[in-house]
Amino acid sequence: MLDFLKKLFSFSIGSFGAGIIAFISIPFLTRVMTPEEYGRGMLFISIAMVFSNISIMGLDQSYARFYDKVNPKILLKKISSLTILSIITFGLIILINKDSINHFFKGEYQYAYLLIFFLFAQNIFRYILVIIRMEQKGYMFSLLYIGQRFTELTLIVMFISLFSAVHLYLIYSSIIGFFIPSILGLIFLFRLINSQSKFDTLENSVKSRSLLKFGVPLMVSTVLITIVLNIDKMLLSLFITDHELGIYTSALQIALSLNIIQSAFNSFWVPYAYSVYQTDGYKDKFNSINNLLTVVMVIVAIVLINFKEAFSVLLGENFEESTSLIPMLVLMPVFYTLSETVSIGINLCKKSYIHFRISFFILIFQVFLLLILINNLNSIGASIGVGTTFLLLYILRLFIGQNYLRFIKKSKILIAIVINLYFYALFVTFFDIIQLSTLLVVLQFLLLFKLIRQ
């Protein structure tokens, strides 16, 4: 456990640093941009992430899976060729449909070209990070991660100061923010890979079919999850005004500050899980890590929910309405992060298609739920739909994941914890009764204490 914590710390520096920079950017943007412009910029980036996950074909996950079996030099060359072919193909599809894409984003700008640049920049940066993760170079990972966020924020401030506070500069800053640290990462990787001799003992060939067979199901699952993460904004853009979308997006960004913990954990969790799998006591290690993560995520969520009113000062008067949306939106990063640990057995047993089935079911459920709730409760309905969807995702991943690798010792306590957190968030969304909310918090801490004791 001590070794795990040391390595986790080296990766956490980057995630926490990047998270703090992202958090600082929120009040700046909400003060200099109108809700309409802010909402449009974040909508483009959200949709671009969906396209990016499709174009990478899950090959970043294939690299992680085959890293200990195939010479990484050969593996990287093969995966890079497949990814470039995928991006070219996807870029042509975007160009053919550029008029429809530009029309969707309601603007005169050439969004199709921006989308292609985003795919290229984000995929390069993504490969660099996954390679460094597998090499377990935590401090280099942190440097690049912080560098990307810092570059992005610096460019946003520069563009808005020199020109105007329009959403287009959010997009420019995001694209360039991926490119600049990627240059440093490529130099580091070239020296790292060419200086290691351990690769000579690994296989020198791998079939493209094997890489795609593992990666594509994960890609489909990742795309579905990315849509699940962003479908609320897509549907809201169809049913409400750009102003309301901006309000909702600002609340979502506050809730996603929990991604600081998620990013720090996920940066190391997958390589660590693969490295200790089937070693002595690995199930106990997995269980202990899951319990620790559950305690941390739930406590931080409770703090954010309790101090939701303070965020109205942080966001500025134009975004005051967003505070009522925070409690249910906080559940998204909490339940999603916790589901990553309880379902690790699916990945370890090479059953990646299971993620697709879960994600597809969750997406269908979420679309129907959001359509009902948005029509009746607008943005508050969207926040409730998001929280409910991710509660279901966690429960499904917990029970299905344990069918493949049973390491959770007290699943009933975990279920009680997440359900109690869900009803607490739902309660404070509509009511301000201190006695009842305090009772739910006390019950939550009793459950957490029982989990730690077990």
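Take 1 as the starting number for the sequence shown in full-length UniProt numbering and just add one per residue.
In this text, a Cβ means the ideal position worked out from N, Cα and C, and glycines have one as well.
Bear in mind the structure is a predicted one, so any value in this text is a computation, not a measurement.
Within a Cβ cutoff of 6 Å, which residues of the same chain sit near F423, ignoring the five residues on either side of it in sequence?
Taking the first residue of the sequence shown as position 1, residue 423 is located at position 423. Closer than 6 Å at the Cβ level, and outside the excluded window around F423, lies no residue.
In three-state DSSP terms, what is I56?
Counting from 1 along the sequence shown, the entry for residue 56 is found at position 56. The answer is coil: DSSP assigns I56 none of H, G, I, E or B.
Alpha carbon of F307 to alpha carbon of L377, nearest angstrom:
Reading the sequence shown from its first residue, position 307 is the one you call residue 307. Reading the sequence shown from its first residue, position 377 is the one you call residue 377. Taken atom to atom, the span from the alpha-carbon of F307 to that of L377 is near 23 Å.
Nearest-angstrom Cβ-Cβ length linking V367 and I225, presumed shorter than 8 Å
Residue numbering aside, residue 367 sits at position 367 when the sequence shown is read from its first letter. Residue numbering aside, residue 225 sits at position 225 when the sequence shown is read from its first letter. At roughly 14 Å, the Cβ-Cβ gap does not stay under 8 Å, so V367 and I225 are not in contact.
Check for me: the alpha helix (DSSP H) holding E340 runs from which residue to which?
Here residue 340 corresponds to residue number 340 of the sequence shown, with the count starting at 1. For E340, the enclosing alpha helix (DSSP H) has its first and last residue at I326 to V342.
What would DSSP say about D432, mapped onto helix, strand or coil?
For the purposes of this step, residue 432 is identified with residue 432 of the sequence shown, where counting begins at 1. In the structure shown, D432 sits in coil (DSSP, three-state: anything other than H, G, I, E or B).
Per DSSP, what kind of secondary structure is S237 in: helix, strand or coil?
The count along the sequence shown starts at 1 and reaches residue 237 at position 237. Looking at S237 - three-state DSSP - the assignment turns out to be helix.
CA-CA distance, L252 and F117?
The residue labelled residue 252 in the question sits at position 252 within the sequence shown. The residue labelled residue 117 in the question sits at position 117 within the sequence shown. Rounded to the nearest angstrom, the gap between the Cα atoms of L252 and F117 is 25 Å.
Quick check on the burial criterion: 16 or more other C-beta atoms within 10 angstroms. Buried or exposed for S263?
Here residue 263 refers to the residue found at position 263 when the sequence shown is read from its first residue. Burial call: buried.
Going by the CB atoms, is the gap between M328 and G381 shorter than 7 Å?
As a first step, residue 381 is located in the sequence shown; it is residue number 381 there, counting from the start. As a first step, residue 328 is located in the sequence shown; it is residue number 328 there, counting from the start. No, Cβ-Cβ distance for G381 and M328 is not below 7 Å.
When the Cα atoms are used, what is the spatial distance from Y336 to K98?
For the purposes of this step, residue 336 is taken as residue 336 along the sequence shown, with counting starting at 1. For the purposes of this step, residue 98 is taken as residue 98 along the sequence shown, with counting starting at 1. So the alpha carbons of these two residues sit roughly 33 Å apart.
Same chain only: Cβ atoms within 7 Å of T389, ignoring 5 sequence neighbours per side:
Within the sequence shown, numbered from 1, the residue matching residue 389 stands at position 389. Answer for T389: V228, I362, F365, Q366 and L369, listed in chain order.
Express the C-alpha separation of G41 and L168 in angstroms, rounding to a whole number.
Here the question's residue 168 lines up with position 168 in the sequence shown. Here the question's residue 41 lines up with position 41 in the sequence shown. If I take the Cα positions, the gap works out to 7 Å.
Use the C-beta contact count for D284: other C-beta atoms within 10 angstroms, 16 or more gives buried, fewer gives exposed.
Taking the first residue of the sequence shown as position 1, residue 284 is located at position 284. Exposed.
Return the chain-ordered list of same chain residues with a C-beta closer than 6 Å to the C-beta of G147, the five sequence neighbours on each side being excluded.
What you label residue 147 is simply residue 147 of the sequence shown in a count that begins at 1. The residues are P181.
Evaluate the contact criterion for the segment 246-260 versus the segment 392-407: three or more CB pairs, one atom per stretch, below 8 Å.
No, the segment 246-260 does not touch the segment 392-407.
Span separating the alpha-carbon of S10 from that of S62:
Within the sequence shown, numbered from 1, the residue matching residue 10 stands at position 10. Within the sequence shown, numbered from 1, the residue matching residue 62 stands at position 62. If you draw a straight line from the Cα of S10 to the Cα of S62, it comes to about 24 Å.
Measuring only the C-alpha atoms, how far is M140 from I132?
Position 140 of the sequence shown, counting from 1, holds the residue named residue 140. Position 132 of the sequence shown, counting from 1, holds the residue named residue 132. Taking C-alpha positions only, M140 is separated from I132 by approximately 7 Å.
Are the CB atoms of L59 and L82 nearer to each other than 7 Å?
Taking the first residue of the sequence shown as position 1, residue 59 is located at position 59. Taking the first residue of the sequence shown as position 1, residue 82 is located at position 82. The answer is yes: Cβ separation under 7 Å.
When the distance is taken between beta carbons, is L245 closer than 7 Å to L236?
Counting from one through the sequence shown, the residue named residue 236 turns up at place 236. Counting from one through the sequence shown, the residue named residue 245 turns up at place 245. Yes; because the gap between Cβ atoms is below 7 Å, this pair is in contact.
Inspect the beta-carbon positions of F356 and P217 and report whether they are closer than 7 Å.
As a working mapping, residue 356 is identified with position 356 in the sequence shown. As a working mapping, residue 217 is identified with position 217 in the sequence shown. Against a cut-off of 7 Å, the Cβ pair of P217 and F356 comes out as a contact.
Can you tell which of T279, Y38 and L414 has its C-alpha closest to the C-alpha of V295?
The count along the sequence shown starts at 1 and reaches residue 295 at position 295. Selection T279, Y38 and L414 evaluated against V295 yields L414 as nearest (Cα-Cα).
Which term fits A310, buried or exposed, when burial requires 16 or more other beta carbons within 10 angstroms of its beta carbon?
Taking the sequence shown and counting its residues from 1, one reaches residue 310 at position 310. By the neighbour-count criterion, in which a residue is buried when 16 or more other Cβ atoms sit within 10 angstroms of its Cβ, A310 is exposed.
Same chain only: Cβ atoms within 8 Å of V157, ignoring 5 sequence neighbours per side:
Taking the first residue of the sequence shown as 1, we reach residue 157 at position 157. Cβ contact annotation for V157 (same chain, cutoff 8 Å, sequence separation greater than five): F28, in chain order.
For D280, which of helix, strand or coil comes out of DSSP?
Position 280 of the sequence shown, counted from the start, is the residue given in the question as residue 280. In the three-state reduction of the DSSP assignment, D280 falls in the coil class.
Please report the distance separating the alpha-carbon of I93 from that of R209.
For the purposes of this step, residue 93 is taken as residue 93 along the sequence shown, with counting starting at 1. For the purposes of this step, residue 209 is taken as residue 209 along the sequence shown, with counting starting at 1. Whole-angstrom Cα-Cα distance: 23 Å.
Buried versus exposed, by CB contacts within 10 Å (16 or more), N291:
Here the question's residue 291 lines up with position 291 in the sequence shown. Around the beta carbon of N291, 16 or more other beta carbons sit within 10 angstroms, so the residue counts as buried.
Buried or exposed, going by whether 16 or more other CB atoms sit within 10 Å of the CB of F90?
Residue mapping note: residue 90 aligns to position 90 of the sequence shown, counting from 1. Buried, by the Cβ-count rule.
By DSSP, does R406 sit in helix, in strand, or in coil?
Against the sequence shown, residue 406 aligns to sequence position 406. If DSSP states are grouped into helix, strand and coil, R406 belongs with coil.
Check each candidate in I21, E135 and A425 and name the one with the smallest Cα separation from L153.
Within the sequence shown, residue 153 is the residue found at index 153, counting from 1. The candidate whose alpha carbon is nearest that of L153 is I21.
Would you mind giving the Cβ-Cβ distance between L119 and F51, rounded to the nearest angstrom? I have them listed as a contact below 8 Å.
For this step, residue 119 is matched to residue 119 along the sequence shown. For this step, residue 51 is matched to residue 51 along the sequence shown. Contact flag correct, Cβ pair sits at about 6 Å.
Rounding to the nearest angstrom, what Cα-Cα distance links T249 and K410 in this structure?
Walking along the sequence shown from the start, residue 249 turns up at place 249. Walking along the sequence shown from the start, residue 410 turns up at place 410. In a straight line, the C-alpha of T249 is about 36 Å away from that of K410.
Mind checking which residues open and close the alpha helix (DSSP H) that includes M158?
Within the sequence shown, numbered from 1, the residue matching residue 158 stands at position 158. Start and end: G138 to L162.
If you count every other CB in all the chains shown that lies within 10 Å of the CB of D280, and 16 or more means buried, which is it?
As a first step, residue 280 must be located in the sequence shown, where it is residue number 280. Per the 10 Å Cβ criterion, exposed.
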